[in-house]
Amino acid sequence: MSELAERTNKHSTGESFAEPHGQLPVRPKPPLRRFHQARWDEPIIFELSRPGRRGIAVPEPGAPEVELPEAVRRAQPPRLPELSQPHVLRHYLRLSQENLGADLNVDVGQGTCTMKYSPKVNDRFAAEVAELHPAQPVDTVQGVLEIYHRLERMLAEISGMARVSLQPGSGSAAIYANVAMIRAYHASRGEGHRDQVITTLFSHPSNAACAKTAGYEIVTLMPDADGYPDIEALKAAIGPRTAALMITNPEDTGIFNPRIKEFVDLVHSVGGLACYDQANANGILGITRARDAGFDLGHFNLHKTFSTPHACGGPAAGACGVSEALAPFLPGPVVTFDGTSYGLETPERSIGKIRPGLGVTPNIVRAYAWIMALGAEGLRAVAETAALNNNYLMSRVLRIPGTSAPWDKRRIEQVRYSWRELSEETGVHSEEIGVRAADFGVHYWTSHHPHVVPEPFTLEPTESYSKEDLDEYAAILAHVADEARRDPAFVKGAPYNQTIHKIDPTPLDDPKQWAPTWRAYVRKHLG
Numbered sequence: 182m183s184e185l186a187e188r189t190n191k192h193s194t195g196e197s198f199a200e201p202h203g204q205l206p207v208r209p210k211p212p213l214r215r216f217h218q219a220r221w222d223e224p225i226i227f228e229l230s231r232p233g234r235r236g237i238a239v240p241e242p243g244a245p246e247v248e249l250p251e252a253v254r255r256a257q258p259p260r261l262p263e264l265s266q267p268h269v270l271r272h273y274l275r276l277s278q279e280n281l282g283a284d285l286n287v288d289v290g291q292g293t294c295t296m297k298y299s300p301k302v303n304d305r306f307a308a309e310v311a312e313l314h315p316a317q318p319v320d321t322v323q324g325v326l327e328i329y330h331r332l333e334r335m336l337a338e339i340s341g342m343a344r345v346s347l348q349p350g351s352g353s354a355a356i357y358a359n360v361a362m363i364r365a366y367h368a369s370r371g372e373g374h375r376d377q378v379i380t381t382l383f384s385h386p387s388n389a390a391c392a393k394t395a396g397y398e399i400v401t402l403m404p405d406a407d408g409y410p411d412i413e414a415l416k417a418a419i420g421p422r423t424a425a426l427m428i429t430n431p432e433d434t435g436i437f438n439p440r441i442k443e444f445v446d447l448v449h450s451v452g453g454l455a456c457y458d459q460a461n462a463n464g465i466l467g468i469t470r471a472r473d474a475g476f477d478l479g480h481f482n483l484h485k486t487f488s489t490p491h492a493c494g495g496p497a498a499g500a501c502g503v504s505e506a507l508a509p510f511l512p513g514p515v516v517t518f519d520g521t522s523y524g525l526e527t528p529e530r531s532i533g534k535i536r537p538g539l540g541v542t543p544n545i546v547r548a549y550a551w552i553m554a555l556g557a558e559g560l561r562a563v564a565e566t567a568a569l570n571n572n573y574l575m576s577r578v579l580r581i582p583g584t585s586a587p588w589d590k591r592r593i594e595q596v597r598y599s600w601r602e603l604s605e606e607t608g609v610h611s612e613e614i615g616v617r618a619a620d621f622g623v624h625y626w627t628s629h630h631p632h633v634v635p636e637p638f639t640l641e642p643t644e645s646y647s648k649e650d651l652d653e654y655a656a657i658l659a660h661v662a663d664e665a666r667r668d669p670a671f672v673k674g675a676p677y678n679q680t681i682h683k684i685d686p687t688p689l690d691d692p693k694q695w696a697p698t699w700r701a702y703v704r705k706h707l708g
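With our numbering applied, the sequence shown has no gaps in its numbers, which climb one by one up to 708 at the end.
#1: Can you give me the C-alpha to C-alpha distance between P637 and E333, rounded to a whole angstrom?
#2: Helix, strand or coil for F638, going by three-state DSSP, please let me know.
#3: Roughly how far, in whole angstroms, is the beta-carbon of S504 from the beta-carbon of A392, given that I think they are within contact range, below 8 Å?
#4: Three or more C-beta pairs under 8 Å: does that hold for the region 372-390 against the region 443-459?
#5: Have a look at T423, E432, T381 and A337 and flag the residue whose alpha-carbon is nearest the alpha-carbon of L717.
#6: State yes or no: is the C-beta of G622 within less than 9 Å of the C-beta of R231?
#7: Quick one: residues in its chain with C-beta nearer than 7 Å to the C-beta of A655, no 5 flanking neighbours on either side, listed in chain order?
#8: Do you know how far the Cα of T680 is from the Cα of L229?
#9: Check each candidate in S647, I657 and A675 and name the one with the smallest Cα separation from K297.
#10: Report yes or no: do the region 555-572 and the region 586-605 share at least 3 C-beta pairs separated by less than 8 Å?
#11: What span of residues does the beta strand (DSSP E) with N482 cover, start to end?
#12: Hey, how far is the Cα of R275 from the Cα of P262?
#13: If you reduce the DSSP assignment to three classes, tell me which class A497 lands in.
#14: When the Cα of I441 is compared with those of A418, A354, L466 and F476, which residue comes out closest?
#15: By how many angstroms is the C-alpha of I552 removed from the C-alpha of M182?
#16: Can you give me the start and stop residues for the alpha helix (DSSP H) that E398 sits inside?
#17: Where does Y273 sit, in a helix, a strand or coil, going by DSSP?
#18: Does the region 346-354 touch the region 531-539, meaning 3 or more C-beta pairs lie closer than 8 Å?
#19: If you run the structure through DSSP and keep just helix, strand and coil, what is Y646?
#20: Can you grab the Cα-Cα spacing for the pair S450 / P439, in whole Å?
#21: Have a look at R617, N544 and T527 and flag the residue whose alpha-carbon is nearest the alpha-carbon of G352.
#22: Can you check which of these residues, L511, V302, P514 and F444, is closest to A425 by C-alpha distance?
#23: Please list the terminal residues of the continuous beta strand (DSSP E) segment that includes T423.
#24: Excluding the 5 residues preceding and the 5 following L185 in the sequence, name in chain order all residues of the same chain whose CB lies nearer than 6 Å to its CB.
#25: My output table needs one value for M488: the three-state DSSP class, helix, strand or coil.
#26: Taking the C-alpha atoms as reference points, what is the distance between N303 and A311?
#27: Among N280, G290 and Y273, which residue has its Cα nearest to the Cα of W626?
#28: Please classify T639 as buried or exposed, where buried requires at least 16 neighbouring CB atoms within 10 angstroms.
#29: With R597 as the anchor, note down where its beta strand (DSSP E) starts and where it stops.
#30: Hey, out of G452, Y357, H632 and I226, whose CA is closest to G533's CA?
#31: For the region 396-403 against the region 412-425, do three or more pairs of beta-carbon atoms, one drawn from each stretch, fall closer than 8 Å, so that the two count as touching?
#32: Is it true that the CB of D433 sits closer than 9 Å to the CB of S628?
#33: Look at the Cβ atom of H480, then the Cβ atom of A500, and state whether they are nearer than 9 Å.
#34: Since N571 and E641 should fall inside the 8 Å C-beta cutoff, what is the C-beta to C-beta distance between them, to a whole number of angstroms?
#35: Taking the C-alpha atoms as reference points, what is the distance between D589 and P631?
#36: For a test of the three-state rule: what should DSSP assign to L454, helix, strand or coil?
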């Protein structure tokens, strides 16, 4: 065993993993799980390509041969990588071994993203609709349309809203749809002068980003001394230019604003709309509803709250819910039911399509199956368990010397913590603690910029994790914090057991170095 590996293992468990000569290899379980990520130094698939290599393509039984019109034929075949079947399998299996994921590790460290367990049976259900085409005749997809219609009604009941569209392909797309409906609503009333959107510092940044993209001026409310959005600042901000308040509650601190209806009423008093970003709804299912607080519209992230996979950031699924007054502006088409069959219609003042087709159908099926399996009581149990898990984990994390959580109050489903005290004492930063935590096979996230909470880290355990999972995660953080005090340079040198080195973030801020495709990378960086 190398000196570095020996040192790393001693730091990891307090003892060496090296076996003395003649001793049996079975030993008591160490204090922390022993972990080492596979490292394959796997090339990009285009680098593995060799002219003439072939796999086996099996056509679908009975698949018709289609003669494409000349106008849509390619002048040349697509320049796809040429590999044999074993090379393809080897490539993707190796990549899978170089990644952590929800099926492998305790990923409560992906704060604000509600990374929960997605039942594998739901993947089987989703596979049943994988071959559907968005242009199929309505009478051939009655079962799928029924799922859409039933899920829309379920989400309407959960949120209190009148109508729901499942068309957006992500939470951010749903937020943009909400912004578009806000703009269309005010334009229909001859109030196009409303050009300001109010949001809060700890609401999801997508609210400000989507509104800004749509041309709105953004007004951001800072937190008050108690950690709530400053209501006095809201009173000063609202006026005839106010188009909407776009707010997350609980915010990304995990703090629920008990005066939320007062915020909504203030915005309504000047003619603005109130839009609820419900991406953090995992801790309030069956307990609070958007419409009951007076909201006019809002969205859910089905890839968070309703257990469809994040899929590395997409394809996800969003759901926009609106009041009766805003229903005519929903993206279309929406599913209808006349008592006999399901159909499609586009609302009279629809903002149009947000994406092709009706929505991300596999994830619609997954969300529908998840809700059906739980029922109303089960959804409330999800929220109660998520809040319990979060507050239990908070009690464990705050026992670690050097941690804190601004604003001394209970949280709902997540907490934004701070390592400021530890960082000031040791010089080790939050990002470096997160990189070292990966050596133990767990994920860790800091927070959205700007880092108003100094040296932040945000944890959201959801309802999926057991007490043992949370204890293990807290023990890893405590161990790394102890390492930072004993040997700061060692923590700063991490990762040791991971597949990659540290990433230099400098090129991320230089568009000239961006390479979104392999060919762009070859052109820009390989000459």
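Glycine residues also receive a C-beta, built at the ideal position from the N, C-alpha and C atoms.
Reading it off the structure:
#1: 37 Å
#2: strand
#3: Incorrect: roughly 19 Å between the Cβ atoms, too far for contact.
#4: yes
#5: Nothing can be reported for residue 717: it is not among the residues displayed for the chain, which extend from 182 to 708.
#6: no
#7: L574, R577 and V578
#8: 20 Å
#9: S647
#10: yes
#11: L478 to N482
#12: 17 Å
#13: coil
#14: F476
#15: The pLDDT assigned to M182 is 39, lower than 50, so where the model puts this residue is not dependable; a value taken from the coordinates is nonetheless given after this. One C-alpha to the other measures close to 51 Å.
#16: Per DSSP, E398 belongs to no alpha helix (DSSP H); it is in the beta strand (DSSP E), E398 to L402.
#17: helix
#18: yes
#19: coil
#20: 19 Å
#21: N544
#22: F444
#23: T423 to T429
#24: Residue placement at L185 is flagged as unreliable, the pLDDT there being 48, under the threshold of 50; a coordinate-derived value is accordingly withheld.
#25: Reading the sequence as shown, one finds Ser at residue 488 and not Met. In this structure, S488 counts as coil in the three-state DSSP scheme.
#26: 13 Å
#27: G290
#28: buried
#29: V596 to S599
#30: Y357
#31: yes
#32: yes
#33: yes
#34: 7 Å
#35: 21 Å
#36: strand
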